[in-house]
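Under the numbering used here, read the sequence shown as residues 195 to 505, first letter to last.
Just below is one structure, and these are the notes that go with it.
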Amino acid sequence: MNNTYTVSIFVAAPGTPFRGGGSSAAGHVYYEIADGSTKLSYGFAPESPGVMSGPGAVSDKDAGRYVDPLYVRSLEITQNQYEKLKAFGDNPEKHGFSTQYNGATNSCIDFAWGALNHAGLHRTTPDQVEDTKFDGALKPLDNIKHIKSIRPPFPDSKLNDEVDNPLPKQTRLQRFISDADLPAQERQMLQVIRAEVDVIDRQHGRAFDAISERISVGLLAAAKGQGLQRVDHVMLGQPPADGSGQRMFAVQGALDDPAHLRASAPVGLMARTPLEQSYDTLSQLHDDAQRRALGGVEPPQQAADVSRRMG
């Protein structure tokens, strides 16, 4: 009897329950391969749960741990693709994947796409080109559309399948982590800020970590509160001569354009501010904007507006 080979790619949202209790804080992407008789699960995570960076490890228990992940796509694959997915999962470092975990640059998402790319299962661009170097979107849920774009090796196979489950019950923080409560404009702003903060971290010999995430979300709250509609650049200010705290700037527009806008906040304050508090600030800004829209009230002119324009 000929074996049939499949891969299933799972996307779990923040709040997805675990068998045995608890739930996923930030969501997860992982995969499972099967040869008709045996199933093997592969997922990458930090050795110390909850940290943003540090030693990572491959788990073989994710498929049995997560209950009703948000999205699952199953594909019939060739034996060669099965063996490549297994080889990558069993020894990722041999195939160029570092097992040093980083939530922004080397996470479960990078691992899953590394395995898929190694097996020749690539996302398809809007121009219908296979992207062989795609390493994933930053957030688990943002990868669903890319997983959907993978061309099936056997388009007519009855083993090809997709499962969509409802979003799990989430705390406010989990909703924001999954970006479910963020408008598309703010999701894009936060993605840019995270990427720029990661660059600044690396320039200073640091890895993106929990402090970096607090700074990123805090800067988004500052940018929205000070009237920015998008973020094109993030800059770290020079330490002030008066000894006050160093500031970080979000910039809208080209750096060499005298009309560009900026928003800023003290780095130390953002680093100490809990994520929940920054998300509460964003939520309050949303509520205020809705009240103004319903009441036809113009937004208040903030004193900080003057400092946003650089010249």
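Cβ coordinates follow ideal geometry from the N, Cα and C atoms, glycine included.
Computed from a prediction, not measured in an experiment: that's the story for all the values here.
Taking the straight line between their C-alpha atoms, what separation do you get for Asp254 and Lys233? Along the sequence shown, one-based indexing puts residue 254 at 60. Along the sequence shown, one-based indexing puts residue 233 at 39. If I take the Cα positions, the gap works out to 10 Å.
So for Asp336, helix, strand or coil by DSSP? Here the question's residue 336 lines up with position 142 in the sequence shown. In the structure shown, Asp336 sits in a helix (DSSP, three-state: H, G or I).
Sorted by chain position, which residues of the same chain lie with C-beta nearer than 8 Å to Ala448's C-beta, five sequence neighbours on each side aside? Numbered from 1 along the sequence shown, position 254 holds the residue referred to as residue 448. Only Asp426 and His454 meet the Cβ criterion.
Use the C-beta contact count for Phe212: other C-beta atoms within 10 angstroms, 16 or more gives buried, fewer gives exposed. Residue numbering aside, residue 212 sits at position 18 when the sequence shown is read from its first letter. When all chains shown are included, Phe212 counts as exposed.
Nearest by alpha-carbon distance to Pro334: which of Thr210, Gly215, Asp474 and Val223 is it? Residue numbering aside, residue 334 sits at position 140 when the sequence shown is read from its first letter. Nearest C-alpha to Pro334: Val223.
Taking the alpha helix (DSSP H) that Val245 falls in, what are its first and last residues? Taking the first residue of the sequence shown as 1, we reach residue 245 at position 51. Per DSSP, Val245 lies in no alpha helix (DSSP H) and is assigned neither H nor E.
Going along the chain, which residues of its own chain have a beta-carbon closer than 6 Å to the beta-carbon of Gly228, five neighbours each way excluded? What you label residue 228 is simply residue 34 of the sequence shown in a count that begins at 1. According to the sequence as given, residue 228 is Ala; it is not Gly. Thr200, listed in sequence order.
Start and end of the beta strand (DSSP E) containing Phe204? Numbered from 1 along the sequence shown, position 10 holds the residue referred to as residue 204. Looking at the DSSP string, the run of the beta strand (DSSP E) that includes Phe204 is Tyr199 to Ala206.
Through-space distance from Phe291 to Glu226, alpha-carbon basis: Indexing the sequence shown from 1 puts residue 226 at position 32. Indexing the sequence shown from 1 puts residue 291 at position 97. Going from the Cα of Glu226 to the Cα of Phe291 covers about 18 Å.
Do the region 377–384 and the region 436–443 meet, that is, are 3 or more Cβ pairs less than 8 Å apart? no
Own chain, CB closer than 7 Å to Ser412, minus 5 neighbours either side, in chain order: Residue 412 sits at position 218 when you count from the first residue of the sequence shown. Correcting the residue type first, residue 412 is Gly in the shown sequence and not Ser. Cβ within range, chain order: Ala459, Met464, Thr467 and Ser472.
Contact belief for Thr198 with Leu353 at Cβ below 8 Å, rounded distance in angstroms: As a first step, residue 198 is located in the sequence shown; it is residue number 4 there, counting from the start. As a first step, residue 353 is located in the sequence shown; it is residue number 159 there, counting from the start. Correct: roughly 6 Å between the Cβ atoms.
If you follow the beta strand (DSSP E) that Val411 is in, where does it begin and where does it stop? Mapped onto the sequence shown, residue 411 falls at position 217. Where Val411 is concerned, there is no enclosing beta strand (DSSP E), although the alpha helix (DSSP H) it sits in stretches over Ala404 to Gly419.
For Asp395, does the count of other Cβ atoms within 10 angstroms reach 16, so buried, or fall short, so exposed? Your numbering for residue 395 matches position 201 in the sequence shown. Burial call: buried.
Cβ of Gly507 within 8 Å of Cβ of Ala207? What the structure shows of the chain is the stretch from 195 to 505, and residue 507 is not part of that stretch, so it cannot be assessed.
Just checking: is the beta-carbon of Lys278 within a distance shorter than 8 Å of some beta-carbon in chain B? The chain labelled as chain B is not found in the depicted structure, where only one protein chain is given.
Measuring only the C-alpha atoms, how far is Ser268 from Glu356? Here residue 268 corresponds to residue number 74 of the sequence shown, with the count starting at 1. Here residue 356 corresponds to residue number 162 of the sequence shown, with the count starting at 1. Computed Cα separation, rounded: 6 Å.
Alpha helix (DSSP H) segment containing Asn274, residue limits: Numbered from 1 along the sequence shown, position 80 holds the residue referred to as residue 274. Counting along the chain, the alpha helix (DSSP H) containing Asn274 begins and ends at Gln273 to Asp284.
Assess contact between the region 387–405 and the region 241–258, defined as three or more Cβ pairs (one per stretch) separated by less than 8 Å. Is contact present? yes
Count the other CB atoms within 10 Å of the CB of Gln275; is the residue buried (16 or more) or exposed (fewer)? Along the sequence shown, read from residue 1 onward, the residue named residue 275 stands at position 81. The residue is buried, with at least 16 neighbouring Cβ atoms inside 10 Å.
Measure the Cβ-Cβ separation of Val461 and Ile409 and say whether it is below 8 Å. Stepping through the sequence shown from its first residue, residue 461 is reached at position 267. Stepping through the sequence shown from its first residue, residue 409 is reached at position 215. Yes; because the gap between Cβ atoms is below 8 Å, this pair is in contact.
Would you list the residues sitting across from Asn300 in a DSSP beta bridge? Working through the sequence shown from its first residue, we reach residue 300 at position 106. In the DSSP output, where bridge partners are listed per residue, Asn300 has Asn296.
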